[in-house]
Amino acid sequence: MVKLQCMVSRENPIFGRKVFFINPPSVVEEHIIGRLKEHNFEVYSIKNYTYAKPLLRHYNDALCFAFIDNGMSIECWFNYIQSFQYEDDLKTIFLGVLSFTARPDVQQNFLMNLKLPGGFVIIDKDIKKTAATIEGILEINGAKGRRQYMRLNLNDNNEVNGYFTQSTLLYSFRLIDISKVGFAALIPASMASNFKPDSFVHNISITMGRYSFVCTIKVHSVKTSGKSIIMVAFFSDNIKEATKQKIHEYIYETLDKEHKHFMTTLVRDNADYGISQIPVSEQEQKNAEKTIEELDEAVEEAMNSIQKESGSKS
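Heads up: the sequence shown begins at 25 in the working numbering, then just goes up one per residue.
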């Protein structure tokens, strides 16, 4: 079951949006996050909430769901989520809440007093229904963008390489990105005649770390870039499903590795969410200070009065 605030879907970006789950239990990781990866969403786990804000400040158009049944009290989770509204780098994050056990009054309090465009999702006993619900929420809010398949950018990756055999010579080329349906690559200009648009090229070898495979590609387009050409190609229909699955797994394993490494560079959030994080305005601060001064003066007058009465009696 999901309760949603009035929600307008956001513009669908070309490359989509990153999706994060804060404090996900294992069942959410397996059945919801796992499904979303199968369906080509770029999704990550943040197991400790203290890493979430420092990370999300770098991705302020991200979509994020927080699991609130443990890790902190319900009151702390309320204050934590509310605090996003008061920071410029975080208030644009698309937030939702996940729970197995939250009472109706808790749901109502969160929905009435917090900005939760992702709604308050009670995880169904049939978790596949909940996974489908969340996938629907992500779809209408541009999480996938215009792409249909996850692509891995390979600009800083030395593990993925391509090879092409011509006569008895072996040529190498650099891949720019890869998905389970194809890749983009930089091809030496001297090899351009072998890669014409709409042509099929056989015996292309791709290595990904310790895994390698041989395939046939169909060249989609070529574009001159200095002494090289940029080629976009699709794998032919006869590529094995097992090979496509290996590519898919490699993409997510690499993204997860990069994500975990990046988190180690962050300064963790040490705020006390047992206290409301609503910022106090300057005027409210002045009013509070004035009230304290007035109370101090009243206490001092009372003490002086008591001392005078004690003196007169003696």
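Virtual Cβ for every residue (Gly too), placed ideally from N, Cα, C.
* With a 10 Å radius around its C-beta and 16 neighbouring C-beta atoms as the bar for buried, classify Q172 as buried or exposed. => Stepping through the sequence shown from its first residue, residue 172 is reached at position 148. Burial call: exposed.
* To do: Could you pull the start and end residues of the beta strand (DSSP E) that L87 belongs to?
  => Taking the sequence shown and counting its residues from 1, the one referred to as residue 87 is at position 63. If you look at L87, you'll find it in the beta strand (DSSP E) that goes L87 to F91.
* Closest Cα partner of N133 within the set H244, F237 and I98 -> Here residue 133 refers to the residue found at position 109 of the sequence shown. Closest by alpha carbon: I98.
* **Sub-8 angstroms separation of F89 and F45 beta-carbons** => Here the question's residue 89 lines up with position 65 in the sequence shown. Here the question's residue 45 lines up with position 21 in the sequence shown. Result yes, Cβ atoms of F89 and F45 sit closer than 8 angstroms.
* Asked: Taking contact to mean at least 3 C-beta pairs separated by less than 8 angstroms, is the stretch 159–174 in contact with the stretch 70–84?
  -> no
* N-terminal and C-terminal residue of the alpha helix (DSSP H) that H244 is part of -> Taking the sequence shown and counting its residues from 1, the one referred to as residue 244 is at position 220. No alpha helix (DSSP H) holds H244; the beta strand (DSSP E) holding it covers Y235 to S249.
* Taking 8 angstroms as the cut-off, decide whether the C-beta atoms of L176 and I70 are in contact. => Sequence index remark: in the sequence shown, residue 176 carries index 152 (1-based). Sequence index remark: in the sequence shown, residue 70 carries index 46 (1-based). Not in contact: L176 and I70 (Cβ atoms no closer than 8 angstroms).
* Asked: If we count the other Cβ atoms within 10 Å of its Cβ and call it buried at 16 or more, is G250 buried or exposed?
  -> Start at 1 with the first residue of the sequence shown, and residue 250 comes out as number 226. Burial call: exposed.
* Asked: Among N47, H55 and Y75, which has the Cα closest to the Cα of V291?
  -> As a position in the sequence shown, residue 291 is number 267, starting the count at 1. For the residues N47, H55 and Y75, the minimum Cα distance to V291 belongs to Y75.
* Asked: Below 8 angstroms between beta carbons: does that hold for E62 and L279?
  -> Numbered from its first residue, the sequence shown carries residue 62 at position 38. Numbered from its first residue, the sequence shown carries residue 279 at position 255. No, the Cβ-Cβ distance between E62 and L279 is not below 8 angstroms.
* How big is the Cα-Cα spacing for Q106 and G143? -> Residue mapping note: residue 106 aligns to position 82 of the sequence shown, counting from 1. Residue mapping note: residue 143 aligns to position 119 of the sequence shown, counting from 1. Distance between the alpha carbons of Q106 and G143 is about 14 angstroms.
* To do: Just tell me which of L140, K42 and M215 has its CA closest to the CA of D85.
  => Translated into positions along the sequence shown, residue 85 becomes position 61. Closest by alpha carbon: K42.
* **For R127, three-class secondary structure by DSSP** => Locating residue 127 in the sequence shown gives position 103, where the first residue counts as 1. The answer is coil: DSSP assigns R127 none of H, G, I, E or B.
* I299 in three-state terms, based on DSSP -> Numbered from its first residue, the sequence shown carries residue 299 at position 275. If DSSP states are grouped into helix, strand and coil, I299 belongs with coil.
* Does DSSP put S260 in a helix, in a strand, or in coil? -> Here the question's residue 260 lines up with position 236 in the sequence shown. DSSP places S260 in coil when its eight states are reduced to three.
* Asked: Of the choices W101, G58 and I211, whose alpha-carbon is the least far from that of S123?
  -> By 1-based counting over the sequence shown, the position of residue 123 is 99. Distance from the Cα of S123 is smallest, within the candidate group W101, G58 and I211, for W101.
* Asked: Taking all protein chains shown into account, do 16 or more other C-beta atoms lie within 10 angstroms of the C-beta of T154, making it buried, or fewer, making it exposed?
  -> On the sequence shown, position 130 is the one that residue 154 refers to. The residue is buried, with at least 16 neighbouring Cβ atoms inside 10 Å.
* G186 - containing beta strand (DSSP E), residue span -> Residue mapping note: residue 186 aligns to position 162 of the sequence shown, counting from 1. Looking at the DSSP string, the run of the beta strand (DSSP E) that includes G186 is V184 to Q190.
* Asked: Which residues does DSSP pair with P48 in a beta bridge?
  -> To locate residue 48, count along the sequence shown from 1; it is residue 24. Bridge partners of P48: none, in fact.
* **Bridge partners - P212, DSSP secondary structure assignment** => Here residue 212 refers to the residue found at position 188 when the sequence shown is read from its first residue. DSSP output for P212 lists S252 as bridge partner(s).
* To do: Use the C-beta contact count for N137: other C-beta atoms within 10 angstroms, 16 or more gives buried, fewer gives exposed.
  => In the sequence shown, the residue the question calls residue 137 occupies position 113. Looking at its Cβ environment, which holds fewer than 16 other Cβ atoms inside 10 Å, N137 is exposed.
* Asked: With distances taken between CB atoms, is the gap from F219 to V256 smaller than 8 angstroms?
  -> Taking the first residue of the sequence shown as position 1, residue 219 is located at position 195. Taking the first residue of the sequence shown as position 1, residue 256 is located at position 232. Cβ distance not < 8 angstroms, so F219 and V256 don't count as in contact.
* R198 by DSSP, collapsed to three states: which one? -> Position 174 of the sequence shown, counted from the first residue, corresponds to residue 198. Strand.
* Asked: For the putative contact between I57 and P48, defined by C-beta atoms under 8 angstroms, what is the C-beta separation to the nearest angstrom?
  -> For the purposes of this step, residue 57 is taken as residue 33 along the sequence shown, with counting starting at 1. For the purposes of this step, residue 48 is taken as residue 24 along the sequence shown, with counting starting at 1. So it is a contact: roughly 7 angstroms between Cβ atoms.
* Would you identify the three-state DSSP class for T116, choosing helix, strand or coil? => Taking the sequence shown and counting its residues from 1, one reaches residue 116 at position 92. T116: coil per DSSP, three-state reduction.
* Asked: Is it right to say K152 is buried, meaning 16 or more other beta carbons lie within 10 angstroms of its own, or is it exposed?
  -> Residue mapping note: residue 152 aligns to position 128 of the sequence shown, counting from 1. Exposed, since its Cβ has fewer than 16 Cβ neighbours within 10 Å.
* **G40, DSSP secondary structure in three states** => Walking along the sequence shown from the start, residue 40 turns up at place 16. DSSP places G40 in coil when its eight states are reduced to three.
* May I ask which residues mark the beginning and end of the alpha helix (DSSP H) holding S97? => Along the sequence shown, read from residue 1 onward, the residue named residue 97 stands at position 73. That residue, S97, is in no alpha helix (DSSP H); it is neither H nor E in DSSP.
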